[in-house]
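**Q** The structure that follows is given in the form of structure tokens.
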Amino acid sequence: MADTPQIAFSSLAVPKSGTLVLLAAAGATKNGAKSAQVQFGAVAAAADKSSGGAISRAIDAAAFKAAARSMLEIWAPPSLGVSRLLVAGLGDAAAMEPLDWQKLGGAIMGKLAGGNEKSAFVALEGPDGEGIAPGAAAELGFGAFLRAYNFDKYKTIKAPDEDAENGAPPKKVPAKLTVGVEKPAAARREFAAREAVAGGVLLARDLVNEPANMLGPKEFAEKAKALSKLGLDVSILTEKEMTKLKMAALLGVAQGSARPPRLVVMRWNGAGDKKAAPLAFVGKGVVFDSGGISIKPAGGMEDMKGDMGGAAAVTGLMHALAARKARVNAVGIIGLVENMPDGDAQRPGDIVRSMSGQTIEVINTDAEGRLVLADALWYAKQEFKPALIIDLATLTGAVMVALGKHHAGLFSNDDTIADRLTAAGLASGEPVWRLPLGKDYDKLIDSKNADMKNTGGRYAGSITAAQFLQRFVDGAPWAHLDIAGTAMGSPSTEVNRGWASGYGVRLLDRFVADNYEK
Ligand code: BES
Ligand code: MN
Ligand code: ZN
5 MADTPQIAFS
15 SLAVPKSGTL
25 VLLAAAGATK
35 NGAKSAQVQF
45 GAVAAAADKS
55 SGGAISRAID
65 AAAFKAAARS
75 MLEIWAPPSL
85 GVSRLLVAGL
95 GDAAAMEPLD
105 WQKLGGAIMG
115 KLAGGNEKSA
125 FVALEGPDGE
135 GIAPGAAAEL
145 GFGAFLRAYN
155 FDKYKTIKAP
165 DEDAENGAPP
175 KKVPAKLTVG
185 VEKPAAARRE
195 FAAREAVAGG
205 VLLARDLVNE
215 PANMLGPKEF
225 AEKAKALSKL
235 GLDVSILTEK
245 EMTKLKMAAL
255 LGVAQGSARP
265 PRLVVMRWNG
275 AGDKKAAPLA
285 FVGKGVVFDS
295 GGISIKPAGG
305 MEDMKGDMGG
315 AAAVTGLMHA
325 LAARKARVNA
335 VGIIGLVENM
345 PDGDAQRPGD
355 IVRSMSGQTI
365 EVINTDAEGR
375 LVLADALWYA
385 KQEFKPALII
395 DLATLTGAVM
405 VALGKHHAGL
415 FSNDDTIADR
425 LTAAGLASGE
435 PVWRLPLGKD
445 YDKLIDSKNA
455 DMKNTGGRYA
465 GSITAAQFLQ
475 RFVDGAPWAH
485 LDIAGTAMGS
495 PSTEVNRGWA
505 SGYGVRLLDR
515 FVADNYEK
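So for the sequence shown, this note's numbering puts the first residue at 5; every next one is plus one.
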């Protein structure tokens, strides 16, 4: 993980060194600013005055309109002491939603990268002198923190001036970002919870970005075990224990790999009633998916190091819940395997007996995620009698054909859960889109030789995969999130420029916080 900046909160007393970030809203002159194009708050107007009007002259010269997240940069502004000044545009200040503050924080951090300044101060004020809510300040800090992430641990030659787009190392971010706000203590309190979530997001990104030679099932399990320090109860099942439990579907996927599988259980009991049925989160953790004997084409196969994005999201979520001491009982279960071709590997045509007793004909060894989840889901239901089960998996290429990279596919047997996930998706900026389940789709995975087969033909590939999973939840309230498009190869956003997004952590943290912590 790259250096993460410290995010601090203070009153609106503007510092005399480092970088100063002022806000401006689009619209006519207010508060004595001389520029005719933007609206300033009191702090910005005062800074403009101290600089002898240099800021408003720069705004006019640059035709800066303070559109949302646009930036005007002034190096060494006169008479202010600071060596760099950024004016960040709000657009329509009255229309700012929490996610807009988060994106603004990301955009500011993106712009701050580079230069020699080690600290930056954001003067958070509204254009009419109204204070900015502590929650908005916390969101801004959250966005800035997420944007500062960078996976460069294997680069021994750092190139500090490369562009931060998709994978290239970003310019150095300031060590400390202070958000000046009317109620700093309240903002600090709200940020503490978001920092816990951000820690989970960064953990998930790191796990997904890590190459498979460095992160096998055992190494992943050890990273999960390390979360014990947050108060999580983490146990690890080895191959021997899984054999005893008759998890032949999961074990069949692992049998071609030199590296044995693990099943990790992470428990967090934060509810008032420690005995209340937990929420269960189950993740696909294929540390590398070569396809097995049904081997994938070479082009792009390196991306299959990220086929544990579901397990990474579950691990990141458990980090978040524990770090912010969520008032909920939750259990995270991740099936960790490597899918490899080998003399001992599973073959097309093999029939395995899953832990549930149901038999599966393996038509394609590359449809391995559902085999792993079959046993992990069944185990979750039997062992923990959860109130609901949500699984996350980079399960199908087909979900990208359907939804691209901007929504995860959502499947559920429970409308309440589906609606809550949809709402949490919109609120967190990690949206989902529901796709159907039904008997006609389910028929497509019936097999002549076993209870079911692991592929359903050319059409509706994401749906038949979900139908397969549904056969292993034993009627429990359940939702499946197909995150093949959203967890990796991520489009660049204000809060992420890397390959892995950490998708799922913010979504599910929000889902839990809004519905299960009352
Ligand atoms: N891990 C892949 C799905 C995937 C593809 C994730 C691209 C991320 C990016 C999964 O195990 C897989 O191979 N699915 C097959 C299923 C098919 C064989 C029925 C697929 O999508 O082609
Ligand atoms: Mn596969
Ligand atoms: Zn896979």
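The beta carbon of each residue, even a glycine, is placed where N, CA and C say it ideally should be.
Does the segment 329 to 341 come close enough to the segment 358 to 369 to have 3 or more Cβ pairs within less than 8 Å?
**A** Short answer: they don't touch.
**Q** Report the rounded CA-to-CA distance for K157 versus G442, giving the unit in angstroms.
**A** Distance between the alpha carbons of K157 and G442: 46 Å.
**Q** Are there any heavy atoms of ligand 2 lying less than 7 Å away from the beta-carbon of N343, as far as the coordinates show?
**A** N343: yes, Cβ under 7 Å from ligand 2.
**Q** Could you tell me which of L254, Q259, K233, L84 sits nearest to W272, measuring between CA atoms?
**A** Out of L254, Q259, K233, L84, K233 has the C-alpha closest to the C-alpha of W272.
**Q** What I want to know is whether the C-beta of D450 ends up closer than 7 Å to one or more non-hydrogen atoms of ligand 2.
**A** Every heavy atom of ligand 2 is 7 Å or more from the Cβ of D450, so no.
**Q** Name the DSSP beta bridge partners of T363, please?
**A** Paired residues: R357.
**Q** Quick one: does the C-beta of E525 sit closer than 7 Å to a heavy atom of ligand 2?
**A** Since the displayed the chain opens at 5 and closes at 522, residue 525 lies outside it and no answer follows.
**Q** So is K115 buried or exposed if we call it buried at 16+ other beta carbons inside 10 Å?
**A** That one is buried.
**Q** I'd like to know whether the C-beta atoms of F125 and P9 end up nearer to each other than 8 Å.
**A** No, the Cβ-Cβ distance between F125 and P9 is not below 8 Å.
**Q** So, for S14: in the same chain, excluding its five sequence neighbours on each side, which residues have a beta-carbon less than 6 Å away from its beta-carbon?
**A** Excluding sequence neighbours, S14 sits near T182, G184, P188.
**Q** What's the gap between the Cα of M100 and the Cα of G133?
**A** Straight-line Cα distance between these residues: approximately 16 Å.
**Q** Using 8 Å for Cβ pairs, my map puts Y153 next to G502. What's the rounded Cβ distance?
**A** Going by Cβ atoms, the distance from Y153 to G502 rounds to 6 Å, so yes, they are a contact pair.
**Q** A71: which of D64, L94, I78, S83 sits nearest, CA to CA?
**A** Cα-wise, what sits closest to A71 is L94.
**Q** Identify, in the order they occur along the chain, each residue of the same chain with its Cβ nearer than 7 Å to the Cβ of V257, setting aside the five sequence neighbours on each side.
**A** Once the five neighbours on either side are set aside, the close Cβ partners of V257 are V341, N343, Q350, E372, L375, V376.
**Q** Over what stretch of residues does the alpha helix (DSSP H) that includes K447 continue unbroken?
**A** 443 to 447 is the span of the alpha helix (DSSP H), which, as asked, contains K447.
**Q** Skipping 5 residues on each side, what residues in its chain have a beta carbon closer than 7 Å to that of N453?
**A** These residues qualify, in order along the chain: I355, E365.
**Q** Which residues in the same chain as I193 place their Cβ atom closer than 8 Å to its Cβ, once the five residues preceding and following it in sequence are excluded?
**A** Looking at the sequence provided, one finds Arg at residue 193 rather than Ile. Closer than 8 Å at the Cβ level, and outside the excluded window around R193, lie P138.
**Q** Below 8 Å CB to CB, which residues in the same chain sit around N170 once its five sequence neighbours on both sides are set aside?
**A** Because the pLDDT of N170 is 49, which lies under 50, any placement of that residue in the model is unreliable, and the number read from its coordinates should be weighed accordingly. Here the set comprises S496, R501, G502, W503.
**Q** Is the beta carbon of G413 within less than 7 Å of some heavy atom of ligand 2?
**A** It does not: the Cβ of G413 is nowhere closer than 7 Å to a heavy atom of ligand 2.
**Q** Taking buried to mean at least 16 other C-beta atoms within 10 Å of its own C-beta, is Y306 buried or exposed?
**A** According to the sequence provided, residue 306 is Glu. The question's Tyr does not apply to it. So E306 ends up on the exposed side.
**Q** When the distance is taken between beta carbons, is S87 closer than 8 Å to E121?
**A** Yes, they are a contact pair.
**Q** From P264, A230, L231, pick the residue whose C-alpha is nearest to that of K222; which is it?
**A** If we check each option's Cα against that of K222, P264 comes out closest.
**Q** For Y520, is the classification buried or exposed, using 16 other Cβ atoms within 10 angstroms of its Cβ as the cut-off for buried?
**A** Per the 10 Å Cβ criterion, buried.
**Q** With A327 and G203 assumed to form a contact (beta carbons below 8 Å), what rounded beta-carbon distance in angstroms separates them?
**A** Confirmed, Cβ separation roughly 6 Å.
**Q** Report whether the distance from the Cβ of G295 to the nearest heavy atom of ligand 2 is below 7 Å.
**A** Checking every heavy atom of ligand 2 against the Cβ of G295, one is found closer than 7 Å.
**Q** For a test of your reading of the model: does the CB of V212 fall under 7 Å from any non-hydrogen atom of ligand 3? Yes or no.
**A** No, the beta carbon of V212 sits no closer than 7 Å to any heavy atom of ligand 3.
**Q** Return the chain-ordered list of same chain residues with a C-beta closer than 8 Å to the C-beta of V47, the five sequence neighbours on each side being excluded.
**A** Excluding positions up to five away in sequence, the list reads L16, V18, L26, A127, E129, G184.
**Q** Between A428 and L485, is the Cβ-Cβ spacing less than 8 Å?
**A** Contact flag unset, no.
**Q** Please work out which residues of its chain come closer than 6 Å, Cβ to Cβ, to W2, disregarding the five sequence neighbours upstream and downstream, and give them in chain order.
**A** Since the displayed the chain opens at 5 and closes at 522, residue 2 lies outside it and no answer follows.
**Q** Does ligand 1 have even one heavy atom less than 7 Å from the beta-carbon of D395?
**A** Not so, every heavy atom of ligand 1 lies at least 7 Å from the Cβ.
**Q** Could you pull the start and end residues of the alpha helix (DSSP H) that V403 belongs to?
**A** That run of the alpha helix (DSSP H) goes 402 to 407.
**Q** Unbroken alpha helix (DSSP H) runs of length 4 or more, entirely within the segment 50 to 102: which are they?
**A** Correct list: 58 to 66.
**Q** Over the uninterrupted alpha helix (DSSP H) stretch that includes H323, give me the two end residues.
**A** H323 -> alpha helix (DSSP H) spans 313 to 327.
**Q** At what residues does the beta strand (DSSP E) containing I394 begin and finish?
**A** Run containing I394: 392 to 397, per the beta strand (DSSP E) assignment.
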